[in-house]
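Structure first, then comments.
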Amino acid sequence: MDHLPDDNSRYKDIDYWDERYKTEQCFDWLGSFSKFQHLLEKHVHKEDSILILGCGNSSMSGDMYSASYHSITNIDYSSVCISTMKARYSDCVGMTWHQMDVRQLSFPDASFDVIIEKATLDAIMVEEKTPWEVSPQTAVFIHQALTEVRRCLKPGGRFVSVTFASPLFRKRLYARTEYNWSIKNDCPLGRNLQHICVDPSKACTSSPSAGQDTGAPGLHLQSTDP
Numbered sequence: 001m002d003h004l005p006d007d008n009s010r011y012k013d014i015d016y017w018d019e020r021y022k023t024e025q026c027f028d029w030l031g032s033f034s035k036f037q038h039l040l041e042k043h044v045h046k047e048d049s050i051l052i053l054g055c056g057n058s059s060m061s062g063d064m065y066s067a068s069y070h071s072i073t074n075i076d077y078s079s080v081c082i083s084t085m086k087a088r089y090s091d092c093v094g095m096t097w098h099q100m101d102v103r104q105l106s107f108p109d110a111s112f113d114v115i116i117e118k119a120t121l122d123a124i125m126v127e128e129k130t131p132w133e134v135s136p137q138t139a140v141f142i143h144q145a146l147t148e149v150r151r152c153l154k155p156g157g158r159f160v161s162v163t164f165a166s167p168l169f170r171k172r173l174y175a176r177t178e179y180n181w182s183i184k185n186d187c188p189l190g191r192n193l194q195h196i197c198v199d200p201s202k203a204c205t206s207s208p209s210a211g212q213d214t215g216a217p218g219l220h221l222q223s224t225d226p
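So that you can map any letter, position 184 of the sequence shown is 184 in UniProt numbering, and since no number is skipped, the others follow by simple counting.
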């Protein structure tokens with residue numbers, strides 16, 4: 001891959017992404033929308049207002065729009081990315097693009113039914129030495145981002161996180177009491193993806209594989225009911 005950085009720490013560097021987006025047309029971390037569309041359709045309605053965090057130059061937004069999800073807001077902290085993607089999908093009425101930091105979302109409270117991130121938080125964690133315990137700096141970053149996710153979700157909204165990490169490690173970050181998210185493990189997906197659903201109206205439950213560190217990427221679906 002021509003755009004691989006010489007050091008993984010550069011995945012946190014906006015200059016790296018600006019340069020990459022100047023030449024790279026499209027790249028989908030963890031697979032395209034079609035890989036998990038069958039699961040997403042169970043929990044995301046066509047009429048939902050959707051926010052995609054760290055959209056990058058992925059085709060996911062366009063693919064979702066083609067699948068009749070027409071209220072999609074995309075953010076990325078790279079101005080190059082946003083400018084390119086806005087022009088590419090200019091004919092998609094109802095889909096918007098904004099340069100923004102995931103820790104400081106400039107949307108009113110309770111703006112979205114669904115918030116999605118795909119490998120965005122993974123990029124923030126590239127310098128971590130072990131998944132068992134993140135550094136204080138990364139923990140603060142993740143908490144700031146998830147606090148904004150919590151604030152911007154409507155009552156009963158869902159947070160979908162598609163990640164390289166196993167559910168065991170993501171649950172440790174997502175299960176803080178102040179988010180008021182309860183988590184249960186659901187069915188495994190193709191290509192060793194796993195799905196975690198959060199529903200405060202139900203008790204947490206675990207599938208037999210929930211505590212195993214498979215090392216496989218995971219898809220986590222969270223909902224919140226303030």
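The beta carbon of each residue, even a glycine, is placed where N, CA and C say it ideally should be.
Predicted model, so just to flag it, every value in this text is computed and none were measured.
Thinking C-alpha only, which one of the options is nearest residue i?
i	options	result
A123	K35, V93 and Y77	Y77
V149	S58, A165, R172 and E178	E178
R158	Y174, R88 and G62	Y174
D91	I50, S66 and H43	S66
L51	K118, V80 and V134	K118
A145	S161, Q137, F112 and R103	R103
K46	Y69, C55 and V134	Y69
T163	M125, V93, D113 and I82	M125
D113	W181, S49 and S83	S49
L53	F107, V134 and T130	F107
W132	T84, R172 and R176	R172
S59	E128, T147 and S32	S32
C55	C81, R151 and Y89	C81
T147	W181, T130 and F169	W181
S166	K42, T130 and L40	T130
V93	M64, E41 and K42	M64
N57	H43, S79, K42 and H38	S79
By DSSP's criteria, residue i is part of a beta bridge. Which residues make up the other side?
i	result
W132	Its beta-bridge partners do not exist; DSSP assigns none.
W97	N74
L53	E117
Q104	D101
L153	F112
Using 8 Å for Cβ pairs, my map puts residue i next to residue j. What's the rounded Cβ distance?
i	j	result
H98	I75	5 Å
S61	M95	6 Å
I115	L153	6 Å
S161	R170	6 Å
A87	P155	Not a contact, Cβ separation roughly 35 Å.
E128	T138	6 Å
Can you find a heavy atom of the ligand GDP that lies under 7 Å from the Cβ of residue i?
i	result
Q99	The ligand GDP is absent from the structure shown, which contains no ligand whatsoever.
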